[in-house]
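Residue numbers (the UniProt record's numbering), protein chains in the order written: chain R, 1 to 395; chain X, 1 to 352.
Glycine included, every Cβ here is placed at the ideal spot set by N, Cα and C.
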Amino acid sequence: MDLSFTKEELEFRDEVRAFLDEKLPEELSEKVRIGGELEKEDMDRWHAILNEQGWLATGWPTEFGGPGWSPVEKHIFDEEAAKAHAPRIVPFGLAMLGPVLQKFGSKEQQDEILPRILDGSDWWCQGYSEPGAGSDLASLKTRAVRDGDDYVINGQKTWTTLGQHANKIFCLVRTKTDGKPQEGISFILVDLDTPGIEMRPIKLIEGGHEVNEVFFTDVRVPAENLVGEENQGWTIAKFLLTHERTNIAGVGFSMQGLTELKALARRVKRNGKPLIENPLFAARIAQMEIDLEAMKITNLRMLYTAQTQGAPGPETSILKIKGTVIRQTQNELARRALGPAAAPFPSEDMFGNAALVEPEDVHNAATYFNNRKLSIFGGSNEIQRNILSKAMLEL
Amino acid sequence: MDFSLTEDRRMLSDSLNRFLADKYGFDHRKNVAYDAPFHDTALWSEMCELGVLYALAPEDAGGFGGAGFDITTVFEALGKGLCPAPVLGSLLASSLMTSAGADQSSLLDGSVRYAVAIGELDAPYGLDDLETTFDGGKLSGRKSVVYGGNDAEVFLVAAKSGDTLGVYEVKASDAQVTGYGLIDGGGAAELFLDGAPGTELIADARDALEHALDLGRLALCAEAVGLMDATNEILLDYLRTRKQFGVPIGKFQALQHRAVDLVTEIEQARSITILAASRIGEDDQARIVAMAKNLIGRAARLVSEEAIQMHGGIAMTWEASVSHYAKRLVMIDAQLGDEDYQLEKVMAGYAA
């Protein structure tokens, strides 16, 4: 048993820290720190800085232009980046499509698409969920019918995150209607400029524009845009679900969140004393902190498994369930700490107006409401329980 | 980073697990754990021959272990086997004697059984409000629920001499010892000291006592992890085999999700126990051990109550093994500081 990083890993951590210290623009980290909404330019800018360092595609092997990091190195980077308030790397091209193409894509697809993900030429978004296919993803109905050298796509996708910035979308589509639903799904790449596509914003609970719905009407897509074989889409979708799960616990974000929550609870007062001295509130923080300390080790244990035995197993669903609940608890405690001052609805005139609300408090309640998504997306926590029940408990 | 056990610890774990499975099986355990002396004294000797107690003490104190992970290795196996032997008292006593630099060979070879008497009725967990006194070579006061005290030959007693908390050695024959069994198996005693003669082991023992208690808490965490693993195994087996409405009850999602939640908490409990074991001897030992014991308290009760509920009526019977695991899992929280006591310790660090 040895819970510490090796000498090489510690050196790597120093290197990451120095890089973040030097290269992460303060305008970006400040926006992230106060929970502000990042513009497309902000995300592109951070991606370009990382790409220049060769650290953008953190999960890619070196042959495709990734840094070839081990799971532990990747974890160190994620943790340090969260600590430094770096913007999250937008995952759709880098963490989702990239690994899919590396495993299932043709040589041509890899050569053409992967470099354009790295240099920011393309912004990919995801077309998985449909109004009638959420947790039951395999029941998706968007049809792709072969017609000569094309597929013709009709249907609707939804919850397409940051689709408003995208020029490309990867979709799961139905290519066969008989047999098991899972066996008639294909994975296809679509240019969003193609005629017949319409993207509409979905306004979220806290007022933000983060996700979209995408409508397809007789959209003609070249057949070579298929990834893998026809009707192999479910295999690819499952691969995606088990890939890139090392950061699923969001431990770095939670550690940062804990620091901020404690600072907030020291700043605000109740009965003339800092809130953190109120035993009821301190007990709530302490219980969450203890769960987080355990989570950090659970995460490391699974990293260790990934590092020594290859891919992590279904037990990573534990990280998703527990990690999201911890973050949501932090958001809840932060909202309660602020009390009525959490209620003012974020608007432009609040920024830089400390007389109204402290900058870090502007998005307090909005963050709480927005992060209710954590236990819903990426396979809801109930779906994670179904997976664990079957794969791990064999029930 | 390495989450595997060393070869030595794996061998210790394997041999203790095998020993307990062979000799301390559930039926035998049930027969001995609830009748005086509330464990099997013949098996105690055999366990000591296996080196169980030596594993709890460092080399310079005559043992071959004593590190956090040695303690967790032993106690996880004891938990898995639901073993009622009074090893906790031995661990606490060994730790105090190591701090004192005293010879503990008769403790480690199992020939003399020690119990450690710290808690009192109105001060069950901490050291601040203890009232037992040492004056002129004699001890006065009452120590409550002394683990293994029913069957101990020597007590190490925490008592105040003036304002200084010390540890004093008292022969069982010099004190009034009222032994009894515990609801979750194993034995304890009330120790009535009315001018009982004691010899000083440690004059100023606050740090030594805190350290011994931390090791004891770590041991209980590991025992709970073993208990939870065993309970979970029993539960999953039941969910797969017990049929109602024509199907195994494990097919019902209402139970599946609850079973997953138990596994999640068990893994969290295992993680924080590993963390606590790694922090023994470090600056944040007390804080991390408190965190571990808090989480363990919550997780163990959840596993216990859910295992009973999902078993249904059968878990209400004395016959079922799950009932006995469930009792131990709940009552372990009340040993050496419950979840609230530990939480307050963690919170105390926030004020600064």
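In the three-state DSSP reduction, P201/R falls in the strand class (E or B). Close partners of R240/X in chain R (Cβ separation under 8 angstroms): E394, L395. No Cβ of chain R is located within less than 8 angstroms of the beta carbon of E59/X. Restricted to the segment 142 to 170 of chain X, the beta strand (DSSP E) segments that are unbroken, complete and at least 3 residues in length are 154 to 161, listed in chain order. DSSP places E358/R in the coil class of the three-state scheme, outside both helix and strand. Put simply, of D178/R, H209/R, K320/R, I285/R the residue whose alpha carbon is nearest the alpha carbon of L162/R is H209/R. In this structure, V170/X is the residue among A77/X, Q342/X, V154/X, V170/X with its C-alpha nearest to the C-alpha of F134/X. Y341/X carries a helical assignment under DSSP once its states are collapsed to helix, strand and coil. Excluding the 5 residues flanking it on each side, M331/X has same chain C-beta neighbours closer than 8 angstroms at L182, I183, D184, in chain order. Counting only runs that start and end inside the segment 189 to 277 of chain X, the alpha helix (DSSP H) elements of at least 4 residues fall at 206 to 241. A distance of 8 angstroms or more separates the beta carbons of A269/X and A307/X. Across the segment 256 to 289 of chain R, CB contacts with chain X closer than 9 angstroms involve K262, A265, R266, P274, I276, E277, P279, A282, A283, I285, A286, Q287, E289, in sequence order along the chain.
Taken in chain order, the complete alpha helix (DSSP H) segments of 4 or more residues contained in the segment 43 to 124 of chain R are 71 to 83, 98 to 104, 107 to 118.
The C-beta of T367/R comes no closer than 8 angstroms to any C-beta of chain X. Per DSSP, the beta bridge partners of E130/R are A133/R. The beta carbon of T367/R is closer than 7 angstroms to those of G35, N331 in its chain, skipping five residues each way along the sequence.
In the DSSP assignment, I387/R falls within the alpha helix (DSSP H) that extends over 381 to 391. Here W44/X carries a helix assignment [DSSP, helix/strand/coil]. Rounded to the nearest angstrom, the gap between the Cα atoms of E382/R and T160/R is 21 angstroms. DSSP, read as helix, strand or coil, puts R220/R in strand. Between T273/X and A334/X, the CB-CB gap reaches or exceeds 8 angstroms.
Judged by DSSP in its simplified three-state form, D129/X adopts coil rather than helix or strand. Just measuring C-alpha positions, the residue of R335/R, L172/R, D42/R, L192/R sitting nearest W234/R is L172/R.
With a threshold of 16 other beta carbon atoms within 10 Å, N364/R meets it and is buried.
DSSP, reduced to helix, strand and coil, places A123/X within a strand of the structure shown. As far as DSSP is concerned, K7/R takes part in no beta bridge. Burial is judged here by how many other beta carbons sit within 10 angstroms of a residue's own beta carbon; W60/R has at least 16 and is buried.
Here C171/R is bridged, per DSSP, to G127/R, I188/R. Not one beta carbon of chain X lies nearer than 8 angstroms to the beta carbon of Y128/R.
V227/R is positioned such that its CB atom lies closer than 8 angstroms to that of I188/R. With a contact defined as Cβ atoms closer than 8 angstroms, A208/X and V263/X miss out at about 38 angstroms. Judged by pairs of C-beta atoms under 8 angstroms, the segment 133 to 142 of chain R does not touch the segment 93 to 108 of chain R, as fewer than three such pairs exist. Per DSSP, the continuous alpha helix (DSSP H) segment holding N31/X begins and ends at 26 to 33.
Neighbours of I197/R across chain X, judged by C-beta separation under 7 angstroms, do not exist; the nearest C-beta is about 38 angstroms away.
Under a criterion of Cβ atoms nearer than 9 angstroms, the residues of chain X adjacent to I318/R are, in order, V260, V263, T264, E267, Q268. Of I387/R, A311/R, D119/R, V357/R, the smallest CA-CA separation from A48/R is found for D119/R.
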